[in-house]
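Written out below as structure tokens is the structure these notes cover.
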Amino acid sequence: MPVSNLNVARRGGTRSGRGNNIYFVSLIDVHENDKEFLVNAELPDGLNKDQINIDVRDNVLIISGETKKDKKYGKGVTLIQ
């Protein structure tokens, strides 16, 4: 399948801090040769390769990851800009 036929779906979310989750929409490069696809994806700051999950479901590549909150912030509001 040529790269031009790929349908890249991205799920985004809120960065408002109103929920517990902050979603990151990654920049992705996809390259193809006769044997394979090569996917380069940007990771958000603070996330390393050991914290990501790569899965294929129903012919869809899923790249996900999770970081834990830093406990030093405690309760209150943190504004991320």
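Per numbering that gives the first Met the number 0: the sequence shown = residues 0 to 80. Built from N, CA and C at the ideal position, the CB exists for glycine as well.
Inter-residue Cα distance where the pair is residue i and residue j
i, j, result
"E35", "V29", "10 Å"
"P43", "D57", "26 Å"
"E31", "L37", "6 Å"
"G16", "E41", "Here G16 scores only 47 on pLDDT, less than 50, and its place in the model should not be relied on; the value that follows carries that caveat. Approximately 22 Å between the Cα atoms of the pair."
"I27", "N39", "6 Å"
6 Å CB neighbourhood of residue i in its chain, flanking five on each side removed
i, result
"D54", "I61"
"G64", "L46, Q50, I51"
Range covered by the beta strand (DSSP E) that runs through residue i
i, result
"L37", "36-40"
"S25", "Run containing S25: none; DSSP gives neither H nor E here."
"L46", "From DSSP, L46 is part of no beta strand (DSSP E); its letter is neither H nor E."
Nonlocal neighbours in the same chain, by C-beta distance under 7 Å from residue i, ignoring five residues either side
i, result
"T91", "With the chain represented from 0 up to 80, any question about residue 91 goes unanswered, as that position is not in the structure."
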